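Asks: Please find one structure pasted underneath; my questions will follow.
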Amino acid sequence: MKFQPYTQTIITFIFFLLGLIIGRFQLTIFWETNDSETFSQPPLLNIPTQKPVPKSPTKQIQECGLLITTSQSSIVKTDKGAFRVSNCTDRPIRLALLAKSSDQSYQKSAHWDFAPGEGSNKGLILSLPEEKLTLKPGDILVVFAQDGSRLYWGPYVVGETKSPIWNRETLEWLLILKP
14 MKFQPYTQTI
24 ITFIFFLLGL
34 IIGRFQLTIF
44 WETNDSETFS
54 QPPLLNIPTQ
64 KPVPKSPTKQ
74 IQECGLLITT
84 SQSSIVKTDK
94 GAFRVSNCTD
104 RPIRLALLAK
114 SSDQSYQKSA
124 HWDFAPGEGS
134 NKGLILSLPE
144 EKLTLKPGDI
154 LVVFAQDGSR
164 LYWGPYVVGE
174 TKSPIWNRET
184 LEWLLILKP
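Going by this note's numbering, the first residue of the sequence shown is number 14, and it counts up by one from there.
Right under this line is the structure:
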């Protein structure tokens, strides 16, 4: 099918305007890579009672000034512990937590705000107003930039995604946010 010259001009102009509109909104999406095993797991309803994960060799890594002792297998499914966050970005962020209360329901959500670079040296241990915060497998974490840049990190499912990391030495979960 052969288009007339004015039809080609109109189509080109429409694509040009569409490109300008998309460029104006500066849309940015980050994807976290996951192991293929996380996608091949059966649904949560069919999982029998959890068995303890055998101890695996540990390794030490240093990120944002934090020395972390982690398991060689990055995904831990049974450990509960405190929650430490390190904001190594140059942006103000909000971290939202949706804590799992049972197999099919979640508790009321909570959130914390961080200044750029806050907690980047040692990380900050988070707590709730009424009680101590204990992160457990199945809890969901999402982080949003609050500067209007539309950046976000996550969602992270504790014990199922690579972040947060379980620190065997301090017995706490650690989330390091990098730009």
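Just so it is clear, CB atoms sit at the ideal spot from N, CA and C, and this is done for glycine as well.
Please read all numbers here as calculations on a predicted model, not as lab measurements.
Consult DSSP for G151 and reduce its assignment to one of helix, strand or coil.
Replies: As a first step, residue 151 must be located in the sequence shown, where it is residue number 138. If DSSP states are grouped into helix, strand and coil, G151 belongs with coil.
Asks: Quick check on R97: does DSSP put it in helix, strand or coil?
Replies: Numbered from its first residue, the sequence shown carries residue 97 at position 84. Looking at R97 - three-state DSSP - the assignment turns out to be strand.
Asks: Let me check one thing: in DSSP terms, what residues is Y165 bridge-paired to?
Replies: Here residue 165 refers to the residue found at position 152 when the sequence shown is read from its first residue. For Y165, which the question treats as bridged, DSSP gives the partners F157.
Asks: With the cut-off set at 7 angstroms, would you say A112 and H124 are in Cβ contact?
Replies: Position 99 of the sequence shown, counting from 1, holds the residue named residue 112. Position 111 of the sequence shown, counting from 1, holds the residue named residue 124. No. Outside cutoff.
Asks: Tell me whether L184 sits in a helix, a strand or coil according to DSSP, three-state version.
Replies: Along the sequence shown, read from residue 1 onward, the residue named residue 184 stands at position 171. Note: L184 maps to coil in three-state DSSP.
Asks: Hey, R234 and D160 are a contact pair by Cβ (cut 8 angstroms); roughly how many whole angstroms apart?
Replies: Examination of residue 234 is not possible in this model, given that the chain is present from 14 through 192 alone.
Asks: Out of N100, R37 and F28, which one is the CA nearest neighbour of P177?
Replies: Your numbering for residue 177 matches position 164 in the sequence shown. Here the closest residue by C-alpha is N100.
Asks: Mind reading off the beta-carbon distance from L164 to F96? Whole number of angstroms is fine, and I expect it under 8 angstroms.
Replies: As a working mapping, residue 164 is identified with position 151 in the sequence shown. As a working mapping, residue 96 is identified with position 83 in the sequence shown. Not confirmed; about 21 angstroms, so no contact.
Asks: Assuming V156 and L190 are in contact, meaning their beta carbons sit under 8 angstroms apart, how far apart are those beta carbons, in whole angstroms?
Replies: Working through the sequence shown from its first residue, we reach residue 156 at position 143. Working through the sequence shown from its first residue, we reach residue 190 at position 177. At roughly 6 angstroms, the Cβ-Cβ gap stays under 8 angstroms, so V156 and L190 are in contact.
Asks: Can you look up L141 in the DSSP assignment and give me helix, strand or coil?
Replies: Looking up residue 141 in the sequence shown gives position 128. Coil.
Asks: Compute the Euclidean distance between the alpha carbons of F29 and I23, then round it to the nearest angstrom.
Replies: As a working mapping, residue 29 is identified with position 16 in the sequence shown. As a working mapping, residue 23 is identified with position 10 in the sequence shown. Cα-Cα distance, rounded: 10 angstroms.
Asks: Alpha helix (DSSP H) containing L30: first to last residue?
Replies: On the sequence shown, residue 30 is found 17 positions in, with the first residue counted as 1. Looking at the DSSP string, the run of the alpha helix (DSSP H) that includes L30 is P18 to F38.
Asks: In whole angstroms, what separates the C-alpha of I153 from that of I138?
Replies: Position 140 of the sequence shown, counting from 1, holds the residue named residue 153. Position 125 of the sequence shown, counting from 1, holds the residue named residue 138. Straight-line Cα distance between these residues: approximately 17 angstroms.
Asks: Which same chain residues end up closer than 7 angstroms to S162 when comparing Cβ atoms and leaving out the 5 residues on each side of it in sequence?
Replies: On the sequence shown, residue 162 is found 149 positions in, with the first residue counted as 1. Once the five neighbours on either side are set aside, the close Cβ partners of S162 are R104.
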